[in-house]
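Residues 42 to 636, numbered by our numbering, are exactly what the first sequence covers, in order.
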Amino acid sequence: MSLESTLRSEIQKAVSVLFNQSIDQLQIQPTNQEFEGSHTLVCFGLSKVTKKNPEETAKSIGEYLLANSTRVSKFNVVKGFLNLTLSDKVWFDVFKDIQANSSFGQLTLTGEEIMIEYSSPNTNKPLHLGHLRNNFLGYSVSEIYKACGYQVHRVQIINDRGIHICKSMAAWKLYGNGETPQSSGIKGDHLVGKYYVEFDKRFKSQVSEAVSKGVGEEEAQKQSPIMREAVEMLQKWEQGDEETLKLWKTMNGWVYDGFNATYKAMGVEFDKLYYESNTYLLGKEEVLKGLESGVFFKKEDGSVWVDLTSDGLDQKVLLRADGTSVYITQDIGTAILRFHDYPKISGQIYTVGNEQEYHFKVLFLILKKLGFKWAEHCFHLSYGMVDLPTGKMKSREGTVVDADDLMAEMIAKAKRQTLELGKTDEMSEEEATQLFEMVGLGALKFFLLKVDPKKRMLFDPNESIQLQGFTGPFIQYTHARIKAIVRKGESMNIRFDSGDFSAVQNLEPAEREVLKVLSLYENKVKEAAREYAPSIIANYAYELAKEYNQFYQNIPIFNATDPAQLAFRIALSKKVADILKKAMALLGIRVPERM
RNA sequence: GCACUCGUAGCUCAAUUGAAUAGAGCAUCUGACUACGGAUCAGAAGGUUCGGGGUUUGAAUCCCUGCGAGUGCACCA
42 MSLESTLRSE
52 IQKAVSVLFN
62 QSIDQLQIQP
72 TNQEFEGSHT
82 LVCFGLSKVT
92 KKNPEETAKS
102 IGEYLLANST
112 RVSKFNVVKG
122 FLNLTLSDKV
132 WFDVFKDIQA
142 NSSFGQLTLT
152 GEEIMIEYSS
162 PNTNKPLHLG
172 HLRNNFLGYS
182 VSEIYKACGY
192 QVHRVQIIND
202 RGIHICKSMA
212 AWKLYGNGET
222 PQSSGIKGDH
232 LVGKYYVEFD
242 KRFKSQVSEA
252 VSKGVGEEEA
262 QKQSPIMREA
272 VEMLQKWEQG
282 DEETLKLWKT
292 MNGWVYDGFN
302 ATYKAMGVEF
312 DKLYYESNTY
322 LLGKEEVLKG
332 LESGVFFKKE
342 DGSVWVDLTS
352 DGLDQKVLLR
362 ADGTSVYITQ
372 DIGTAILRFH
382 DYPKISGQIY
392 TVGNEQEYHF
402 KVLFLILKKL
412 GFKWAEHCFH
422 LSYGMVDLPT
432 GKMKSREGTV
442 VDADDLMAEM
452 IAKAKRQTLE
462 LGKTDEMSEE
472 EATQLFEMVG
482 LGALKFFLLK
492 VDPKKRMLFD
502 PNESIQLQGF
512 TGPFIQYTHA
522 RIKAIVRKGE
532 SMNIRFDSGD
542 FSAVQNLEPA
552 EREVLKVLSL
562 YENKVKEAAR
572 EYAPSIIANY
582 AYELAKEYNQ
592 FYQNIPIFNA
602 TDPAQLAFRI
612 ALSKKVADIL
622 KKAMALLGIR
632 VPERM
């Protein structure tokens, strides 16, 4: 039983003895730094039950606990707040439990399976900063769910078909002169992206030229030769034209090679990939089934719709008059296919930007109307956009922050700073290279994950990401420094893994604070899963590192004269390093042994 | 026009989901290694939580309203 629930039941007993009342809603919160104690019972709500004012209620409960609980060693009352101080023995026991539990932080298996989708890019341009937030979030949430005892399946849907890729194909065909990643030395996804930009440029100039000759804007767009090429390619693609399919496969292949390199650099993985080119027809079938069963309806022109007005939404088209699919059609098919592929999953998490909130509301409602019970367990992990100081990233205005570039820059920055601090003097080249990567990417990931996913956030390219303060490297540094202590302890043959510290007389306040934070870890992991918020883990890891650093600075560990105390301090340090490592792993961030 | 989201220190973010004097980092200023690693620590300064009403013992948090910002409302994806 956790410390808090033990306290809770003791307080409940106190209330029943003192006031002859039973109560199950108790408000316990961590005590503010400025007051003495670790746990605080908020007594305002209680006074209705006790028929006494909050202050008197707090006082009598405090007195009861002091007399009857072996855990409470002191208390004080401020207004309606009962601040409890627990005995050192309680804290030693907490530590003992953590020590004894070799898988602390890994909750017991639930037997449940869950699917999480993230990344899901288009195949016509390279990944950018927004994808970084998406991937880091999705990956982190999947790790958090694993820690909570779920079996997790990580997937993405790759939007590999449609007019967007045909645009890149058309531009390459007309102006590419056979350029390939090999011939140009350009990474595949960037090369295809180059032709997507080329398309846009040519298209615009063709339109404006036609307009200057007196053609109407809309007509000029339709007439644009390059647009006509792209549209024709799309039609050919759908008809299965061999040459078009060949080009499509080739260019998508370039993109996948590029993406894979980027994913590898990011440190994210997937268990299964879904391709829209394989799933878009499934959606159509499902819609036709739904039409038959009367869930959907057909308009005179032949288009198929769903009516969501009774749910406060609008009508939504699902199949065009010509029978072809729209965006949401393939999402219906993909969702059903996934539950078919993984019959044991209880639900799905979709990591997709908040601009698609309406889309997912509609999607889940449709699935529910089609009679899929699991639709209720589909969740849109909706995250805010990453904005630049100038506003939203826009590829047309060249304000997109490229994922590959940004990662490379961060690693370069980490390298510069590390060399400047002379940290690599005793490292092999390989260890140093790994370190630069760990620190650079750690800073980037932490920067993107420490903010509540729901909120939009700002990234200023001119003010590159810090390596000091509330950052990934701060936590990595704390970890590395503890590891130095552990190494020293080991070299002195100090036994600190026994788990028995009963010989230690008492705790320093700084040690108690560290233990307090340490004891919160598993609850934070649960909370992060419940809220789909890696930011909770990031904030926790920072708090733990900060608390530890205060301890480190105030108490010279190896000055301890009592051998038991020395062993305890090393053990405590080691456990902090352990948890920091685990917490950072939940964020997809590695921590070094030295830095 | 309708719907949703957001507005907290100069800047970037927190605030246990309604509790105590609203907390961190960066930037600014002042201090700390003959001890275990200074990518650290201690301290100062910085706030009408966008404005105005209301509910409550208690509001950054809930309700109403005004202002400001963003997003969505395609037979695009």
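All residues carry an ideal CB built from backbone N, CA and C; glycine is no exception.
As the structure is a computational prediction, the values presented were derived from the model and not from experiment.
What residue range is occupied by the uninterrupted beta strand (DSSP E) comprising residue i?
{"i": "residue 596", "result": "Segment: none, residue 596 is in no beta strand (DSSP E) and carries neither H nor E."}
{"i": "residue 71", "result": "69-71"}
{"i": "residue 122", "result": "122-127"}
{"i": "residue 507", "result": "Looking at the DSSP string, residue 507 is not in any beta strand (DSSP E), and its letter there is neither H nor E."}
For the alpha helix (DSSP H) containing residue i, list its first residue and its last residue.
{"i": "residue 227", "result": "Looking at the DSSP string, residue 227 is not in any alpha helix (DSSP H), and its letter there is neither H nor E."}
{"i": "residue 79", "result": "It is not in any alpha helix (DSSP H) - residue 79 carries neither H nor E in the DSSP assignment."}
{"i": "residue 300", "result": "283-307"}
{"i": "residue 399", "result": "398-410"}
{"i": "residue 607", "result": "604-627"}
{"i": "residue 48", "result": "44-60"}
{"i": "residue 160", "result": "Unbroken run through residue 160: none, as it is neither H nor E."}
{"i": "residue 551", "result": "550-559"}
{"i": "residue 95", "result": "95-109"}
{"i": "residue 89", "result": "88-91"}
Candidates the options: which alpha carbon is nearest residue i's?
{"i": "residue 617", "options": "521, 120, 338", "result": "521"}
{"i": "residue 446", "options": "508, 302, 271, 420", "result": "302"}
{"i": "residue 170", "options": "550, 426, 569", "result": "426"}
{"i": "residue 305", "options": "180, 193, 410, 289", "result": "180"}
{"i": "residue 16", "options": "221, 505, 423", "result": "With the chain represented from 42 up to 636, any question about residue 16 goes unanswered, as that position is not in the structure."}
{"i": "residue 13", "options": "83, 91, 70", "result": "The displayed coordinates of the chain run from 42 to 636. Any statement about residue 13 would go beyond what the structure contains."}
{"i": "residue 73", "options": "554, 574, 603, 626", "result": "554"}
{"i": "residue 634", "options": "79, 278, 126, 514", "result": "514"}
{"i": "residue 238", "options": "251, 216, 510, 534", "result": "216"}
{"i": "residue 227", "options": "140, 298, 248, 456", "result": "298"}
{"i": "residue 410", "options": "367, 338, 166", "result": "338"}
{"i": "residue 629", "options": "593, 478, 599", "result": "478"}
{"i": "residue 1", "options": "433, 443, 463, 476", "result": "Not covered by the structure: residue 1. The range shown for the chain is 42 to 636."}
{"i": "residue 147", "options": "587, 562, 632", "result": "562"}
{"i": "residue 534", "options": "607, 501, 233, 463", "result": "607"}
{"i": "residue 621", "options": "82, 145, 360", "result": "145"}
{"i": "residue 218", "options": "201, 560, 601, 236", "result": "236"}
{"i": "residue 438", "options": "405, 114, 406, 241", "result": "241"}
{"i": "residue 613", "options": "558, 127, 276", "result": "558"}
{"i": "residue 151", "options": "88, 331, 586, 386", "result": "386"}
{"i": "residue 126", "options": "473, 98, 112, 286", "result": "112"}
{"i": "residue 652", "options": "552, 271, 295", "result": "This structure cannot settle anything about residue 652, because the visible part of the chain is limited to 42 through 636."}
{"i": "residue 98", "options": "70, 168, 59, 131", "result": "59"}
{"i": "residue 163", "options": "251, 293, 266", "result": "293"}
{"i": "residue 396", "options": "495, 467, 456, 472", "result": "495"}
Going by the DSSP bridge assignment, what does residue i pair with across the sheet?
{"i": "residue 203", "result": "Answer is none; residue 203 lacks a bridge partner."}
{"i": "residue 512", "result": "DSSP lists no partner for residue 512."}
{"i": "residue 338", "result": "346"}
{"i": "residue 2", "result": "In the structure as shown, the chain begins at 42 and stops at 636. Residue 2 is therefore absent and cannot be evaluated."}
{"i": "residue 117", "result": "124"}
{"i": "residue 421", "result": "391"}
{"i": "residue 366", "result": "360"}
{"i": "residue 498", "result": "427"}
{"i": "residue 316", "result": "199"}
#### Entry: Meets three-Cβ-pair contact criterion under 8 Å: the region 195-211 and the region 482-494
no
### Three CB pairs or more closer than 8 Å across the region 173-187 and the region 376-393
yes
### Query
Using 8 Å as the Cβ pair cut-off and three pairs as the minimum, do the region 487-500 and the region 563-583 touch?
Segments in contact, yes.
### Task
Determine, using beta-carbon pairs with one atom in the region 374-381 and one in the region 323-332, whether at least three such pairs fall under 8 Å.
Inter-segment contact for the region 374-381 and the region 323-332 is present: three or more beta-carbon pairs are separated by less than 8 Å.
### Query
At which residue ranges does the region 162-212 contain complete beta strand (DSSP E) runs of 3 or more residues, listed in the order of the chain?
List check, beta strand (DSSP E) in window: 192-199.
### Query
Per the contact definition of three or more C-beta pairs closer than 8 Å, is the region 311-322 in contact with the region 189-197?
yes
#### Entry: 4 or more residues per run - each alpha helix (DSSP H) lying fully within the region 569-595
575-595
#### Entry: beta strand (DSSP E) segments (min. 3 residues) lying fully within the region 428-471
none
#### Entry: Every unbroken alpha helix (DSSP H) inside the region 241-274 [4 residues or more]
The region 241-274 contains these whole alpha helix (DSSP H) runs: 258-264.
### Segment contact flag, the region 112-129 with the region 74-90, C-beta cutoff 8 Å, min 3 pairs
yes
### Query
When the Cβ atoms of the region 266-277 are set against those of the region 586-601, are three or more pairs found closer than 8 Å?
No, the region 266-277 does not touch the region 586-601.
### Query
Are the region 125-144 and the region 353-364 touching, with three or more C-beta to C-beta distances below 8 Å?
no
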